[in-house]
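Chemist: Sharing a structure here in structure tokens format.
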Amino acid sequence: NNDSSWMQFEESYNKFKSFRLAPAYMIKGNQYPEVEFDSAISIKEIHVKQAWEIGINDIEKIAIHPEDNILVPEGIVNPPFQKVLESK
Numbered sequence: 002n003n004d005s006s007w008m009q010f011e012e013s014y015n016k017f018k019s020f021r022l023a024p025a026y027m028i029k030g031n032q033y034p035e036v037e038f039d040s041a042i043s044i045k046e047i048h049v050k051q052a053w054e055i056g057i058n059d060i061e062k063i064a065i066h067p068e069d070n071i072l073v074p075e076g077i078v079n080p081p082f083q084k085v086l087e088s089k
């Protein structure tokens, strides 16, 4: 429950201004996934939102689930994600 992986990704993305997304799968008994780098796609733009900022009209709403523990900063009243949860 920490953001070290995200921080590492963000640092790398800010440096290179792109990243590659590739399918991967696990083979029983292996410790690490097999990554299909030949099938990777290059992505040059990413938009980052905090979960509490996602509203009813955002495509990202599909990632919001009732069991999520969404942290809301102090002072924020009626965060947009609440309407997303009400609609599910």
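With the sequence shown counted from 1, adding 1 to any position gets you the numbering used here. Idealized CB from N, CA, C, for every residue including glycine. None of these values were measured; they are calculated from a predicted model.
1) Is the closest heavy atom of the ligand ADP to the C-beta of Ser40 under 6 angstroms?
2) Who pairs with Ser43 in a beta bridge, going by DSSP?
3) Among Lys89, Ile44, Ala23, Ile77, which residue has its Cα nearest to the Cα of Ala64?
4) Which two residues bound the contiguous alpha helix (DSSP H) that contains Gln51?
5) Assuming Val78 and Ile55 make a contact with CB atoms under 8 angstroms, what is their CB distance in whole Å?
6) Going by other Cβ atoms of all chains shown within 10 Å of its Cβ, with 16 needed for buried, is Phe82 buried or exposed?
7) Name the two residues that bound the continuous alpha helix (DSSP H) containing Val85.
8) Suppose contacts are defined by Cβ-Cβ distances below 7 angstroms. Is Pro24 in contact with Ser40 by that definition?
9) Give the DSSP-derived three-state secondary structure of Tyr14 in the structure shown.
Modeler: Let me lay it out:
1) No copy of the ligand ADP occurs in the structure displayed, which carries no ligand at all.
2) The residue given as residue 43 occupies position 42 in the sequence shown. Bridge partners of Ser43: Arg21.
3) Translated into positions along the sequence shown, residue 64 becomes position 63. Here the closest residue by C-alpha is Lys89.
4) Position 50 of the sequence shown, counted from the first residue, corresponds to residue 51. Note, Gln51: premise wrong, no alpha helix (DSSP H); not H, not E.
5) The residue labelled residue 78 in the question sits at position 77 within the sequence shown. The residue labelled residue 55 in the question sits at position 54 within the sequence shown. At roughly 16 angstroms, the Cβ-Cβ gap does not stay under 8 angstroms, so Val78 and Ile55 are not in contact.
6) Counting from one through the sequence shown, the residue named residue 82 turns up at place 81. The residue in question, Phe82, is buried, as its Cβ has 16 or more Cβ neighbours within 10 Å.
7) For this step, residue 85 is matched to residue 84 along the sequence shown. Per DSSP, Val85 belongs to the alpha helix (DSSP H) from 82-88.
8) Position 23 of the sequence shown, counted from the start, is the residue given in the question as residue 24. Position 39 of the sequence shown, counted from the start, is the residue given in the question as residue 40. Yes, Cβ-Cβ distance for Pro24 and Ser40 is below 7 angstroms.
9) Numbered from its first residue, the sequence shown carries residue 14 at position 13. Correct three-state label for Tyr14: helix.
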